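In this note's numbering, the protein residues as written are 54 to 386.
Please read the structure below before turning to the comments.
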């Protein structure tokens with residue numbers, strides 16, 4: 054049997070419209086020492102049949118079928134069954150560059166790194182993808198685990214938080230399980246994965262192509278997703294204390310503040326949320342009041358709104374209505 058260096062894990066659920074594109078992009082990889090583990094998470098469409106017809110007798114590809122349990126459950130199964138020294142995750146509706154595996158492997162080996170993070174491009178139609186020629190002298194830069202954590206709170210938020218544009222050393226996942234039954238599953242573990250790395254490389258090369266869909270969780274802001282983010286940020290606040298880095302704590306605290314008020318504002322805009330959940334969020338805002346006001350990364354307008362929310366709720370709701378109207382006018386121009 055051919056040596057396996059990279060394990061590619063693909064969680065799949067009812068992906069009959071896109072799984073063929075995904076697998077074809079893997080079948081043409083120049084790097085050959087890899088396996089693909091397709092974890093069929095209880096699909097009820099023709100996804101499995103399409104996979105079987107496409108991969109034929111190619112022993113690098115295997116399909117594991119399990120009862121539906123969600124993306125986290127499928128990833129956990131994939132990790133437990135992989136053989137490679139390195140792991141990549143790919144979503145079943147996405148596409149990778151033909152040099153995806155070769156480039157990531159070259160960078161992680163040459164730099165003796167634990168993690169390499171590539172750039173990505175969003176698309177809705179395959180013909181819109183720019184399949185460029187990969188630069189053999191890729192621009193790469195090393196960052197520390199703390200710098201990686203801070204980038205979670207920057208304009209590179211998606212690039213840093215997702216799993217699908219990265220190659221990991223297999224041992225990074227020792228004693229780590231994705232939380233099952235949750236959304237935002239990547240964000241529950243990404244800060245721990247960064248912490249497990251001794252060396253992280255950023256690769257200035259677009260190698261992953263993320264398909265935009267109307268029902269994409271990554272681009273939606275439901276109250277359930279916001280509640281999950283609140284819990285994630287609370288977990289990180291405790292986790293980050295080990296770094297003794299005040300800026301990182303401030304950045305996490307700022308996003309925490311935004312999520313709490315995002316939840317409050319969704320409730321005001323008639324999203325179905327229980328009064329008990331609102332009361333719980335209000336208590337969190339009150340208990341973090343001083344931290345929010347002393348955070349130099351939270352702007353003055355937000356601090357004024359926080360003050361009125363705590364001390365004069367009617368004024369807060371009035372100001373929020375004015376700000377919302379103002380933003381709507383600006384967006385229409």
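Ideal Cβ placement from N, Cα and C applies to all residues, glycine included.
Computed from a predicted structure; not experimentally measured.
Self-check item: Collapsed DSSP secondary structure at residue 387 in the structure displayed
Solution: No information on residue 387 is available, as it lies outside the stretch 54 to 386 that the chain covers here.
Quiz item: Cα separation between residue 136 and residue 128?
Solution: For residue 136 and residue 128, the distance between alpha carbons rounds to 14 angstroms.
Quiz item: Under 9 angstroms between the Cβ atoms of residue 71 and residue 89?
Solution: The answer is no: Cβ separation not under 9 angstroms.
Quiz item: Going by the beta-carbon positions, is the gap between residue 213 and residue 205 smaller than 9 angstroms?
Solution: Taking 9 angstroms as the Cβ cut-off, residue 213 and residue 205 qualify as a contacting pair.
Quiz prompt | Check whether residue 342 and residue 303 have beta carbons under 9 angstroms apart | solution = Between residue 342 and residue 303, the gap from beta carbon to beta carbon reaches 9 angstroms or more.
Practice problem: Output the distance between the C-alpha atoms of residue 215 and residue 382, rounded to the nearest integer angstrom. | Solution: Those two C-alpha atoms are separated by around 33 angstroms.
Quiz item: residue 165 and residue 252 look like a contact to me (Cβ under 8 angstroms); what is the Cβ gap, rounded to whole Å?
Solution: Indeed, because the Cβ distance is near 7 angstroms, the residues count as touching under 8 angstroms.
Quiz item: Does the Cβ of residue 329 have 16 or more other Cβ atoms within 10 Å, making it buried, or fewer, making it exposed?
Solution: With fewer than 16 other Cβ atoms within 10 Å, it is exposed.
Exercise. Say whether the region 217-234 touches the region 106-121, bearing in mind that this needs 3 or more beta-carbon pairs closer than 8 angstroms, one atom from each stretch.
Key: Counting Cβ pairs under 8 angstroms, fewer than three are found: no touch.
Quiz item: Just how far apart, CA to CA, sit residue 334 and residue 285?
Solution: Looking at the backbone, the Cα of residue 334 and that of residue 285 are separated by about 14 angstroms.
Quiz prompt | C-alpha distance - residue 50 paired with residue 240, whole-angstrom precision | solution = Since the first residue of the chain shown is 54 and the last is 386, residue 50 is not available in this structure.
Quiz item: For residue 93, is the classification buried or exposed, using 16 other Cβ atoms within 10 angstroms of its Cβ as the cut-off for buried?
Solution: Counting other Cβ atoms within 10 Å of its Cβ, residue 93 reaches 16 or more and is therefore classed as buried.
Practice problem: Reducing DSSP to helix, strand and coil, say where residue 272 ends up. | Solution: Confidence at residue 272 is low in this model, with a pLDDT of 47, below 50, so the placement of that residue should be treated as unreliable; the coordinate-derived value is given next. It is coil, neither helix nor strand.
Practice problem: List the endpoints of the continuous beta strand (DSSP E) containing residue 168. | Solution: For residue 168, the enclosing beta strand (DSSP E) covers residues 168-176.
Quiz item: For residue 195, which residues does DSSP report across the bridge?
Solution: By DSSP's assignment, residue 195 forms a beta bridge with 254.
Self-check item: Alpha carbon of residue 63 to alpha carbon of residue 161, nearest angstrom
Solution: In this structure, the straight-line span from the alpha carbon of residue 63 to that of residue 161 is close to 21 angstroms.
Self-check item: Inter-residue Cα distance where the pair is residue 280 and residue 81
Solution: A direct Cα-to-Cα measurement between residue 280 and residue 81 gives close to 41 angstroms.
Self-check item: Straight-line Cα distance separating residue 75 from residue 145
Solution: Taking the straight line from one Cα to the other gives about 6 angstroms.
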